[in-house]
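Structure, as structure tokens:
Protein chains in written order, with my numbering: chain F, 1 to 124; chain G, 1 to 131.
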């Protein structure tokens with residue numbers, strides 16, 4: 001099963017995504033901070049095939065995470081989706097320039113989130 | 001003047017406390033519903049999942065306004081200190097406190113917009129965008 005990492009500083013946001021992904025054939029790992037996720041990736045305990053991260057988080061935001069993540073040689077081509085309440089075009093452009101794969105606006109529609117994950121992971 | 005600022009400070013403190021309560025109540029409500037769904041292996045449809053996500057948006061909105069209130073109260077606290085120790089400095093500080101209030105309001109409004117997501121237009125089809 002492909003490993004998918006979710007990063008969000010909100011427990012309820014992670015719980016919402018869990019309700020959706022529970023029925024999917026993916027191995028989900030959730031983190032309440034980007035630094036915690038990076039630690040897991042750098043230690044090799046989790047090797048993601050997709051990362052879905054929030055943007056507005058304390059300590060390290062989604063853009064800062066993306067920059068650090070892309071600096072890891074093995075993660076340069078791993079898709080990253082931003083799942084956020086932010087809708088400004090300039091923020092999306094910034095994400096695109098940093099190597100983001102896509103942008104999903106909260107509150108997400110579960111069917112569309114599943115479809116986005118399936119599309120990125122080519123799960124049919 | 002001092003009493004006026006004390007009253008405003010008390011009011012802001014009260015609003016902040018109420019907001020903390022609201023955040024806590026909505027969080028607990030969400031977790032209760034989520035546990036019920038999980039314990040009973042219920043299938044949750046799209047509409048309910050989207051409704052449940054309101055808690056996250058509520059928490060972010062409250063956090064933005066609480067930060068603005070904190071900033072305003074810090075300004076008031078500085079001004080009150082000058083009022084009792086250095087009245088001339090307090091008069092000059094009025095401009096600084098006004099500027100601090102305006103900055104806090106601008107930031108809070110920006111964050112309101114940034115943290116609102118699709119709450120007002122959930123039927124729009126622009127939820128997922130690939131680059």
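Glycine included, C-beta positions come from ideal geometry on N, C-alpha and C.
Three-way DSSP call (helix, strand, coil) for residue i in this model
i: residue 7 of chain F; result: strand
i: residue 72 of chain F; result: coil
i: residue 38 of chain F; result: helix
i: residue 127 of chain G; result: coil
i: residue 76 of chain G; result: helix
i: residue 31 of chain F; result: strand
i: residue 117 of chain G; result: coil
i: residue 95 of chain F; result: helix
i: residue 65 of chain G; result: helix
i: residue 102 of chain F; result: strand
i: residue 85 of chain F; result: coil
i: residue 80 of chain F; result: strand
i: residue 44 of chain G; result: coil
i: residue 8 of chain G; result: helix
Cα-Cα separation, residue i to residue j
i: residue 71 of chain F; j: residue 77 of chain F; result: 11 Å
i: residue 9 of chain F; j: residue 87 of chain G; result: 44 Å
i: residue 67 of chain G; j: residue 14 of chain G; result: 14 Å
i: residue 44 of chain G; j: residue 75 of chain G; result: 47 Å
i: residue 43 of chain F; j: residue 37 of chain F; result: 10 Å
i: residue 111 of chain F; j: residue 63 of chain F; result: 26 Å
i: residue 83 of chain F; j: residue 83 of chain G; result: 47 Å
i: residue 61 of chain G; j: residue 55 of chain G; result: 10 Å
i: residue 15 of chain F; j: residue 30 of chain F; result: 9 Å
i: residue 37 of chain G; j: residue 3 of chain F; result: 24 Å
i: residue 32 of chain G; j: residue 52 of chain F; result: 25 Å
i: residue 73 of chain G; j: residue 91 of chain G; result: 17 Å
Residue i classed as buried or exposed, judged by whether at least 16 other C-beta atoms fall within 10 angstroms
i: residue 48 of chain F; result: buried
i: residue 85 of chain F; result: buried
i: residue 41 of chain F; result: buried
i: residue 19 of chain F; result: buried
i: residue 25 of chain G; result: exposed
i: residue 109 of chain F; result: buried
i: residue 131 of chain G; result: exposed
i: residue 102 of chain G; result: exposed
i: residue 89 of chain F; result: exposed
i: residue 13 of chain F; result: buried
i: residue 1 of chain F; result: exposed
i: residue 93 of chain F; result: exposed
Whole-Å CB distance - residue i paired with residue j, under 8 Å assumed
i: residue 80 of chain F; j: residue 55 of chain F; result: Not a contact, Cβ separation roughly 11 Å.
i: residue 57 of chain G; j: residue 107 of chain F; result: 7 Å
i: residue 112 of chain G; j: residue 64 of chain G; result: 6 Å
i: residue 95 of chain G; j: residue 78 of chain G; result: With a Cβ gap of about 13 Å, residue 95 of chain G and residue 78 of chain G do not count as contacting.
i: residue 7 of chain F; j: residue 65 of chain F; result: 7 Å
i: residue 128 of chain G; j: residue 95 of chain F; result: Going by Cβ atoms, the distance from residue 128 of chain G to residue 95 of chain F rounds to 13 Å, so no, they are not a contact pair.
i: residue 48 of chain G; j: residue 30 of chain G; result: That belief does not hold up - the Cβ atoms of residue 48 of chain G and residue 30 of chain G are roughly 12 Å apart, past 8 Å.
In the region 6-18 of chain F, which residues sit with their C-beta less than 7 Å from some C-beta in chain G, listed in chain order?
10, 12, 13, 15 and 16
Using a Cβ-Cβ cut-off of less than 9 Å, list which residues of the region 102-121 of chain F approach chain G; keep chain order.
102, 103, 104, 105, 106, 107, 108, 109, 110, 111, 112, 113, 115, 116, 119 and 120
Short-range partners of chain F found in the region 97-121 of chain G, where Cβ spacing is below 9 Å
111, 113, 114, 115, 116, 117, 118 and 119
What are the residues in the region 54-71 of chain F lying within 8 Å of chain G by C-beta distance?
56
Beta carbons nearer than 9 Å to chain F: which residues of the region 23-42 of chain G have them?
26, 27, 30, 31, 34, 37 and 38
Residues in the region 71-88 of chain F with C-beta within 8 Å of chain G's C-beta atoms, listed in sequence order?
84, 85, 86, 87 and 88
Contact list for the region 23-52 of chain F against chain G, Cβ threshold 7 Å
none
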